[in-house]
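Engineer:
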Amino acid sequence: MATNQEVTLRAIKKSFPHVKNVDRSIEAYVQANYILREEKRYYLNLPMLEQLDDLILDQQVFVETKSSAYQDLLRLRFETCLTNQTNQVLIKEITGFEREELTLANYFYRLNRQEPLSDAQKVLYDLLGDVNPQYALKYMTTFLMKYSRKTELMQKRRDIFVEALVLLGYITKNEAGKYELLMDFDSESLTFSSPIE
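If you count the sequence shown from 1, you need to add 476 to reach the working numbering.
1) Where in the stretch 512-579 do unbroken runs of the alpha helix (DSSP H), each at least 4 residues long, occur, reported from the N-terminal end onward?
2) Roughly how many angstroms separate the alpha carbons of M477 and E503, rounded to a whole number?
3) Going by other Cβ atoms of all chains shown within 10 Å of its Cβ, with 16 needed for buried, is V495 buried or exposed?
4) Taking the C-alpha atoms as reference points, what is the distance between E577 and I511?
5) For M477, name the three-state secondary structure that DSSP assigns.
6) Spatial neighbours of L533 within its chain, please: C-beta separation below 6 Å, excluding the five flanking residues on both sides.
7) Let me know if Y655 comes out buried or exposed under the rule of 16 or more other beta-carbons within 10 Å of its beta-carbon.
8) S669 and E540: beta carbons closer than 9 Å?
9) With a threshold of 8 Å, are at least 3 pairs of Cβ atoms found where one atom belongs to the stretch 583-591 and the other to the stretch 621-633?
10) Between which two residues does the beta strand (DSSP E) holding S669 run?
11) Can you tell me whether Y583 is buried or exposed? The criterion is at least 16 other CB atoms within 10 Å of its CB, across all chains shown.
12) Identify every run of the alpha helix (DSSP H) within the stretch 607-653, keeping only runs that are complete inside it and at least 4 residues long; order them along the chain.
13) Given 8 Å as the limit, is there contact between the stretch 651-666 and the stretch 594-601, that is, 3 or more CB pairs closer than that?
14) Give me the Cα-Cα distance between M659 and Y611, rounded to the nearest whole angstrom.
15) Return the first residue and the last residue of the alpha helix (DSSP H) that E591 is part of.
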């Protein structure tokens, strides 16, 4: 439909012989307004992405994967900001449009939408599992807030949330066995920003 303006249901079925009930799928797309149907002809109702001005993270776009716009899209970086119900701490992270990077925001986003995790995110899943984001953020932000008073922290018992912060590259264990903060911390806004790679 992206290259041909007028497509019949018969042509769609011919193009997708392996898809069962393709007519039901097409009807769902018509109802969602992704596809228009007029006089037994189907038209794509999603504009092709040609420029990246005003594009926001998680916006649904239709783009040709061989186009320069797609390559530009892959190079774009967005800032995410996680809040929590326990305290006023903010966690800011940088991600790409496809949300493949290992960040807390991407991890929780993909869990919530039940999307497949990237290989890097699977390692975090092995540690945390299908954890409630607010529960995890409660413990992670409480631990991070301790850096407002100290530069090194001890953790006597094993804590998967501290291990997750290490895995994310937000803290590191030094030679003395204490944890040091690798994130930027703004004490006025209580904002922790991930190190930019």
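Note that the Cβ used here is the ideal one computed from N, Cα and C, for glycine as well.
Structural biologist: Reading off the structure:
1) 544-551
2) In the sequence shown, counting from the first residue as 1, residue 477 sits at position 1. In the sequence shown, counting from the first residue as 1, residue 503 sits at position 27. Residue confidence is low: M477 scores 49 on pLDDT, short of 50, so the model does not pin down where it sits. Its coordinate-derived value is still stated next. Rounded to the nearest angstrom, the two C-alpha atoms are 15 Å apart.
3) Position 19 of the sequence shown, counted from the start, is the residue given in the question as residue 495. Exposed is the call here.
4) Position 101 of the sequence shown, counted from the first residue, corresponds to residue 577. Position 35 of the sequence shown, counted from the first residue, corresponds to residue 511. Their backbone Cα atoms lie some 31 Å apart in a straight line.
5) Start at 1 with the first residue of the sequence shown, and residue 477 comes out as number 1. Below a pLDDT of 50, predicted positions are generally treated as unreliable, and M477, at 49, falls in that range; the measurement from the model is reported next regardless. DSSP places M477 in coil when its eight states are reduced to three.
6) If you number the sequence shown from 1, residue 533 lands on position 57. Here the set comprises F554.
7) Walking along the sequence shown from the start, residue 655 turns up at place 179. Flag for Y655 reads buried.
8) By one-based count along the sequence shown, residue 669 stands at place 193. By one-based count along the sequence shown, residue 540 stands at place 64. In this structure, E540 does not lie closer than 9 Å to S669 by Cβ.
9) no
10) Residue mapping note: residue 669 aligns to position 193 of the sequence shown, counting from 1. Where S669 is concerned, the enclosing beta strand (DSSP E) stretches over 667-669.
11) In the sequence shown, residue 583 corresponds to position 107, counting from 1. Buried, because 16 or more other Cβ atoms sit within 10 Å of the Cβ of Y583.
12) 609-621, 636-643
13) no
14) The count along the sequence shown starts at 1 and reaches residue 659 at position 183. The count along the sequence shown starts at 1 and reaches residue 611 at position 135. Approximately 21 Å, taken between the alpha carbons.
15) Mapped onto the sequence shown, residue 591 falls at position 115. No alpha helix (DSSP H) contains E591, which DSSP labels as neither H nor E.
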